[in-house]
Amino acid sequence: NEVIQITDIKKFYHVGTEVVKALQGVSLSINKGEYVAIMGPSGSGKSTLMNIIGALDTPTGGTYVLNGTDVSRLTDDNLAEIRNKEIGFVFQTFNLLPRYTALENAILPLIYAGVSKNDRVAKGKKVMESVGLTDRMQHRPNEMSGGQRQRVAVARALVNDPSIILADEPTGNLDSKTSVDIMRLFDEIHKQGNTIILVTHEEDIAMHAHRIIRLRDGLIESDLVNKKIETL
Ligand code: ADP
Ligand code: ADP
Numbered sequence: 003n004e005v006i007q008i009t010d011i012k013k014f015y016h017v018g019t020e021v022v023k024a025l026q027g028v029s030l031s032i033n034k035g036e037y038v039a040i041m042g043p044s045g046s047g048k049s050t051l052m053n054i055i056g057a058l059d060t061p062t063g064g065t066y067v068l069n070g071t072d073v074s075r076l077t078d079d080n081l082a083e084i085r086n087k088e089i090g091f092v093f094q095t096f097n098l099l100p101r102y103t104a105l106e107n108a109i110l111p112l113i114y115a116g117v118s119k120n121d122r123v124a125k126g127k128k129v130m131e132s133v134g135l136t137d138r139m140q141h142r143p144n145e146m147s148g149g150q151r152q153r154v155a156v157a158r159a160l161v162n163d164p165s166i167i168l169a170d171e172p173t174g175n176l177d178s179k180t181s182v183d184i185m186r187l188f189d190e191i192h193k194q195g196n197t198i199i200l201v202t203h204e205e206d207i208a209m210h211a212h213r214i215i216r217l218r219d220g221l222i223e224s225d226l227v228n229k230k231i232e233t234l
């Protein structure tokens, strides 16, 4: 039931004559249906690890197997294909296309996947409903609140039935009340059987996850069950 198997991943960046060791040997596996938070101070390697898990980048060493595919040795084209099929991204800055409606934004991954227009719209409406935006489908991003925009991003992340939802500081641009709403939405999505990986530096956000991995200096400092899960 392993979705992610990471073995001794290293990532080195060459900056001039210097070598920055962003990840120095990280191993972890994540099962289907887990809800994991990745934490750690600035510079500890969170973004680097997320980029690798999200198939945006490949490691310098070690292996990364995602749903049975060794992603660590793929070319950029194959990475893009895996990314679109396997991963739903949610970003701090929402990353919606301003000229498109909420519904059109939500179904973009289906266009890349070659799904027919009728199926796209049917699927899009269903997923917009599941994030509570039935009455906002024809709105453009600038006609929506931050919380609503992030809901559209969550809908877009879900629309392809990805293997994992990867959320990078998803509440970083939201006020505290809206953050709670979005985290409740993630809790719900998790209950429906989705695998969620959340990167955050905020303890109360991480407390929604069932497992908390802490990075320090490019290494895993701890990987623990969260005994203080925040429930509804
Ligand atoms: P975090 O997300 O925890 O803040 P990062 O993964 O962004 O950590 O960074 C880990 C280390 O790698 C830091 O020392 C950072 O400066 C360095 N780093 C990250 N990305 C790059 C890059 N593209 N080029 C050079 N160094 C980088
Ligand atoms: P929510 O809590 O659902 O995120 P808010 O209470 O912040 O919504 O906003 C209420 C209504 O005001 C929203 O339905 C939205 O249409 C409108 N609104 C809020 N913020 C903005 C904004 N920055 N730009 C445009 N419309 C907004």
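Position in the sequence shown (from 1) plus 2 gives the number in the UniProt record's numbering. Here a beta-carbon is modelled for each residue, glycine too, at the ideal position from N, C-alpha and C.
CB contact flag (residue i, residue j, <7 Å)
i, j, result
"I167", "A159", "yes"
"A169", "A108", "no"
"K34", "V5", "yes"
"R122", "L135", "no"
"I184", "I40", "no"
"V161", "V129", "yes"
"G63", "T9", "no"
"G27", "R218", "no"
"T50", "A24", "yes"
"Q94", "E171", "yes"
"L105", "M139", "yes"
"T180", "R142", "no"
"L176", "G148", "yes"
"A124", "I84", "no"
Proximity to residue i [Cα-Cα], best of the options
i, options, result
"T60", "S224, K125 and S74", "S74"
"N193", "H210, T202 and P111", "According to the sequence provided, residue 193 is Lys. The question's Asn does not apply to it. The candidate whose alpha carbon is nearest that of K193 is H210."
"V227", "K125, G220 and H212", "H212"
"N144", "S132, F96 and Q7", "F96"
"D163", "G148, S178 and G126", "G126"
"I198", "I89, V28 and T9", "I89"
"S31", "N69, S46 and K13", "N69"
"S165", "M146, Y37, I11 and V22", "Y37"
"Y114", "N86, Y102 and A104", "N86"
"Y15", "N3, G220 and S44", "G220"
"E232", "I222, K179 and I207", "I207"
"T202", "R151, G45 and K12", "G45"
"E190", "G174, D137, S132 and I11", "S132"
"K13", "G47, M146 and R151", "G47"
"N53", "L110, L200 and D225", "L200"
"Q7", "D72, D137, V17 and V21", "D72"
"P100", "S118, L112 and M146", "M146"
"I222", "S29, T173 and Q150", "S29"
Residue i in three-state terms, based on DSSP
i, result
"N33", "strand"
"E4", "strand"
"S224", "strand"
"I207", "helix"
"R101", "coil"
"L234", "Caution applies to L234, whose pLDDT of 47 falls short of 50 and renders its modelled position unreliable; the value that the coordinates give is listed next. Looking at L234 - three-state DSSP - the assignment turns out to be coil, as it is neither helix nor strand."
Contact test: residue i Cβ vs ligand 1 heavy atom, cutoff 6 Å
i, result
"Y15", "yes"
"residue 2", "No answer is possible for residue 2: the residues shown for the chain start at 3 and end at 234."
"A108", "no"
"T50", "yes"
"G45", "yes"
"residue 2", "In this structure the chain extends from 3 to 234, so residue 2 is not present and cannot be described."
"V22", "yes"
Ligand 3 heavy atom lying under 6 Å from the CB of residue i
i, result
"I215", "What this structure holds is ligand 1 and ligand 2, not ligand 3."
Subject >> Ranges of the alpha helix (DSSP H) found wholly within the stretch 105-193, counting only runs of at least 4 >> reply: Correct list: 110-114, 119-132, 148-160 and 178-193.
Subject >> Every unbroken beta strand (DSSP E) inside the stretch 11-83 [3 residues or more] >> reply: 20-33, 37-41 and 63-68
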